[in-house]
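What follows is a set of notes on a single structure, which appears directly below.
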Ligand code: IVH
């Protein structure tokens with residue numbers, strides 16, 4: 034079938050103009066998927082759909098080599114590291130693998146290797162065939178046998194430093210075993226979570242109102258990117274070693290020899306790994322693994338074949354982002370056909386309404402599937418799916434199956450699905466679709482009920498007590514989940530936290546007698562709650578959980594309005610549609626329409642107003658925001674902090690600078706006045722020096738502002 038839309042036109046039929054436009058579109062779309070996969074651990078398409086986009090990109094480039102773009106996905110691996118962790122440059126880049134899907138492509142791969150090496154027809158070539166683990170690749174650097182750093186792949190050249198978290202993994206030796214370990218060894222492999230651990234983690238997260246992960250890969254990624262290594266330690270992650278980066282000397286001369294050496298050093302390697310010596314043997318191994326895939330306790334998405342001899346690997350080398358000596362033979366997406374019985378709406382923690390396909394149960398890849406995601410209203414429209422239709426579904430690496438298309442003539446009388454316009458909660462709050470940064474209507478429909486919507490309450494409460502908000506000691510996620518469900522002392526909104534002690538006094542069944550509590554812990558908890566009856570204005574605004582109002586925005590608002598009364602009055606006027614109040618807020622530095630709209634929606638919801646008023650009634654004082662000083666040596670200046678600060682945390686440094694009237698920026702630019710550099714400062718320091726920015730040590734900074742370390 035051909036279509037007028039270039040992105041469904043077969044590659045052979047594309048004109049050069051269409052191909053150029055299509056390559057631009059693919060580059061953008063793939064970059065978006067990369068960011069969601071690598072940085073947000075929240076992919077929005079299946080692996081198979083993603084692979085199809087990359088394949089199409091490659092096929093168009095093969096036909097129109099002159100049109101290959103500078104930013105082509107074929108020239109990049111993954112996505113740049115996300116913010117929050119220090120960056121590590123890989124001594125040897127961490128590249129990616131080319132994919133094969135059909136058996137013939139494996140034969141071509143073997144033939145290509147033979148041709149490249151000019152091997153005689155009867156000369157043997159051995160391959161190491163290894164399950165392709167669907168986790169995250171990791172580079173572990175050992176110096177003198179000691180683990181010194183661990184980095185994610187990132188964009189292949191620069192990853193994130195996750196050393197503290199990686200140290201909590203049992204499968205990662207802190208010291209390499211055996212004598213004669215090379216002085217520098219970079220061991221690479223895959224961090225993964227077992228399916229059992231993933232299901233248990235999601236069950237725990239659901240009970241505690243935490244983040245639910247779509248598949249083991251995402252939960253491994255999320256667990257590894259924790260700020261607090263203790264959280265990573267509580268999540269069971271495994272590691273299989275299969276590759277290396279910088280090595281001061283090589284302990285073996287083959288891939289299989291290296292794998293044996295990893296084991297001697299104390300690593301786990303994948304037990305299914307096998308040496309094969311022909312394309313037929315590789316394909317047979319792939320089939321065998323494919324059949325057993327569902328019985329493995331970890332996800333795999335294919336089999337990787339690597340030329341075993343390292344001297345041959347070296348001769349074969351690399352083409353752009355992948356080695357010529359290896360290929361990933363992917364498994365096809367597992368598909369099945371079934372009937373869509375119903376569409377149900379699930380309400381997430383942020384009020385997002387996600388349509389879920391309720392299916393006639395069907396087995397896909399060894400798993401019985403009854404639910405599949407339909408993503409959002411636009412996806413339902415795109416598929417043109419109606420209740421009663423026969424649909425094709427697929428599971429591709431992902432645990433959440435997806436509806437791919439409608440396959441059969443629809444039964445008569447099937448009516449189009451009408452996406453709800455109000456929330457499922459008893460308040461029947463209208464749903465809104467947010468405007469995206471590009472000014473378009475977003476795909477996700479959300480309930481604006483916030484604190485009043487039962488689906489969102491727990492999440493809001495967790496946010497309310499979090500460290501940067503009310504920060505109540507002894508009242509974390511676990512306790513919030515407990516009180517939310519407790520019959521004697523229920524907590525459904527922030528004010529309820531402040532009435533806990535009073536209510537407990539009146540109750541017959543006391544909190545101190547409940548499991549997990551005791552007299553002392555209850556006393557401490559009530560004292561900690563009382564201590565927060567006085568709260569800083571910016572914390573108060575941040576704690577409300579208004580969409581788009583993060584910590585920085587909350588601080589801007591607090592500074593601009595100065596007092597709770599002024600802020601609350603303005604917010605109510607904005608909610609009532611007062612153009613002047615709206616304009617005033619819009620005029621605040623760094624505040625734009627998204628924030629003003631969110632404030633309008635939040636305070637326009639009468640339930641929220643009640644929630645806020647009851648909370649304020651429980652507080653003693655909302656401390657006015659300190660106006661930034663204008664007489665300090667750094668007032669109005671822009672400061673960048675970089676490197677490992679030793680005398681204060683990043684948060685403390687930022688707070689101090691802002692209190693003194695300075696603006697804190699994340700990167701060095703023409704506007705930067707000071708760069709405060711701790712040890713290990715890298716590119717920012719070099720850039721600052723080039724730009725003639727004043728560079729200070731921490732001590733020089735304290736001397737400048739006339740204060741000592743916090
Ligand atoms: S070798 C230069 N071996 O697949 C090639 N990769 O698409 C280095 N992976 O980033 C990779 N199992 O995350 C290799 N046995 C295995 C693997 C494997 C999983 C992942 C890895 C890599 C990606 C490449």
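In this note's numbering, the protein residues as written are 34 to 743. All C-beta atoms, glycine included, are put in the ideal place defined by N, C-alpha and C.
What would DSSP say about residue i, mapped onto helix, strand or coil?
i, result
"residue 273", "strand"
"residue 450", "coil"
"residue 225", "strand"
"residue 359", "strand"
"residue 244", "coil"
"residue 489", "helix"
"residue 113", "Caution applies to residue 113, whose pLDDT of 48 falls short of 50 and renders its modelled position unreliable; the model cannot decide the point."
"residue 742", "coil"
"residue 737", "helix"
"residue 298", "helix"
"residue 206", "coil"
"residue 375", "strand"
"residue 252", "helix"
Comparing alpha-carbon positions, which option in the options lies nearest residue i?
i, options, result
"residue 493", "599, 122, 243, 41", "243"
"residue 440", "479, 195, 273, 371", "371"
"residue 275", "645, 262, 296, 255", "296"
"residue 573", "654, 711, 317", "654"
"residue 26", "674, 428, 438", "Because residue 26 is not part of the residues shown, which for the chain are 34 to 743, the question remains open."
"residue 179", "219, 160, 161, 203", "219"
"residue 126", "133, 48, 221", "221"
"residue 300", "210, 199, 236, 421", "210"
"residue 466", "460, 459, 456, 478", "478"
"residue 585", "193, 696, 349, 510", "696"
"residue 337", "345, 357, 251", "357"
"residue 677", "641, 476, 717, 531", "717"
"residue 694", "715, 671, 705, 713", "671"
"residue 195", "181, 206, 204", "181"
"residue 134", "308, 315, 577", "315"
"residue 515", "216, 561, 240", "240"
"residue 123", "257, 402, 188, 42", "188"
Buried or exposed: residue i, going by 16 or more other Cβ atoms within 10 Å of its Cβ?
i, result
"residue 171", "buried"
"residue 208", "exposed"
"residue 702", "exposed"
"residue 52", "buried"
"residue 546", "exposed"
"residue 552", "exposed"
"residue 152", "exposed"
"residue 260", "exposed"
"residue 401", "exposed"
"residue 705", "buried"
"residue 633", "buried"
Would the beta-carbon of residue i be found less than 7 Å away from any heavy atom of the ligand HEM?
i, result
"residue 166", "No copy of the ligand HEM appears in this structure; the ligands present are the ligand IVH."
Spatial neighbours of residue i within its chain, please: C-beta separation below 7 Å, excluding the five flanking residues on both sides.
i, result
"residue 543", "537"
"residue 116", "Residue placement at residue 116 is flagged as unreliable, the pLDDT there being 44, under the threshold of 50; a coordinate-derived value is accordingly withheld."
"residue 680", "731, 742"
"residue 685", "743"
"residue 648", "527, 528"
"residue 279", "124, 125, 217, 219"
"residue 690", "667, 672, 697"
Find out if the Cβ-Cβ distance for the pair residue i, residue j is shorter than 8 Å.
i, j, result
"residue 55", "residue 93", "yes"
"residue 708", "residue 721", "yes"
"residue 162", "residue 104", "no"
"residue 643", "residue 488", "no"
"residue 454", "residue 480", "no"
"residue 631", "residue 580", "yes"
"residue 409", "residue 390", "no"
"residue 636", "residue 605", "yes"
"residue 63", "residue 98", "no"
"residue 747", "residue 298", "Outside the displayed span of the chain (34 to 743) sits residue 747, for which this structure offers no information."
"residue 568", "residue 503", "yes"
"residue 386", "residue 380", "yes"
"residue 435", "residue 406", "yes"
Identify, in the order they occur along the chain, each residue of the same chain with its Cβ nearer than 8 Å to the Cβ of residue i, setting aside the five sequence neighbours on each side.
i, result
"residue 249", "167, 168, 225, 226, 227, 228, 230, 231, 331, 332, 432"
"residue 246", "74, 231, 234, 235, 238, 252, 255"
Quick one: what's got a C-beta closer than 6 Å to residue i's C-beta in the same chain, skipping five residues either side?
i, result
"residue 591", "570, 571, 574, 658"
"residue 675", "710, 714, 717"
"residue 360", "131, 133, 142, 338"
"residue 638", "481"
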